[in-house]
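Chemist: Below is the structure I would like to discuss, written out as structure tokens.
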Amino acid sequence: MIDVDPDRFEELVTAALADVPAELADRLDNVVLFIEDDAPPEDPHLLGLYDGIPLTERDSTYAGVVPDRIFVYRNPTLAICETEEDVVEEVRITVVHEIAHFFGIDDARLHELGYA
Numbered sequence: 039m040i041d042v043d044p045d046r047f048e049e050l051v052t053a054a055l056a057d058v059p060a061e062l063a064d065r066l067d068n069v070v071l072f073i074e075d076d077a078p079p080e081d082p083h084l085l086g087l088y089d090g091i092p093l094t095e096r097d098s099t100y101a102g103v104v105p106d107r108i109f110v111y112r113n114p115t116l117a118i119c120e121t122e123e124d125v126v127e128e129v130r131i132t133v134v135h136e137i138a139h140f141f142g143i144d145d146a147r148l149h150e151l152g153y154a
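In terms of the working numbering, the sequence shown opens at residue 39 and continues consecutively.
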């Protein structure tokens, strides 16, 4: 396990988000990203989570809803990493994975693409 302070971890998440291709990032609508130290108690090893209505399920009645949320969890990520380079890679994978859920891509397909 490596120790990366919260500010540095936030920088890594911000950099991973900035690396998302513009054609995808520009389509992110009504979604916010949060960084939290710990995953929910019911799934303490979770690295990230998408909570919302995927783009593929939004229709003409989609209005006035609270923003979707993407969470990246610092401590579970650090627990599986030995170097900062490992953290960079895990954060990149997690950010892409959760954004993919926003676009309606399921875990099975993400596993096929190497983002699981």
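The beta-carbon is built from N, C-alpha and C at its ideal position, and this holds for glycine as well.
Only counting the same chain, and skipping five residues up and downstream in sequence, which positions put a Cβ closer than 6 angstroms to that of His83?
Modeler: Working through the sequence shown from its first residue, we reach residue 83 at position 45. Cβ within range, chain order: Pro114.
Chemist: To the nearest angstrom, how far is the alpha carbon of Thr52 from that of Asp144?
Modeler: Translated into the one-based positions of the sequence shown, residue 52 becomes position 14. Translated into the one-based positions of the sequence shown, residue 144 becomes position 106. One C-alpha to the other measures close to 24 angstroms.
Chemist: Compare the C-alpha of Gly152 against each of Ser98, Glu127, Val110 and name the closest.
Modeler: Taking the sequence shown and counting its residues from 1, one reaches residue 152 at position 114. Comparing Cα-Cα distances from Gly152 to each of Ser98, Glu127, Val110, the minimum goes to Glu127.
Chemist: Roughly how many angstroms separate the alpha carbons of Ile131 and Gly142, rounded to a whole number?
Modeler: Working through the sequence shown from its first residue, we reach residue 131 at position 93. Working through the sequence shown from its first residue, we reach residue 142 at position 104. If you take the alpha carbons of Ile131 and Gly142, they lie about 16 angstroms apart.
Chemist: Would you call His149 buried or exposed, if buried means 16 or more other Cβ atoms sit within 10 Å of its Cβ?
Modeler: Taking the sequence shown and counting its residues from 1, the one referred to as residue 149 is at position 111. Label assigned to His149: exposed.
Chemist: Ignore the nearest five residues each way along the sequence and tell me which others in Val70's own chain have a CB closer than 8 angstroms to its CB.
Modeler: By 1-based counting over the sequence shown, the position of residue 70 is 32. Pro105, Asp106, Arg107, Ile108.
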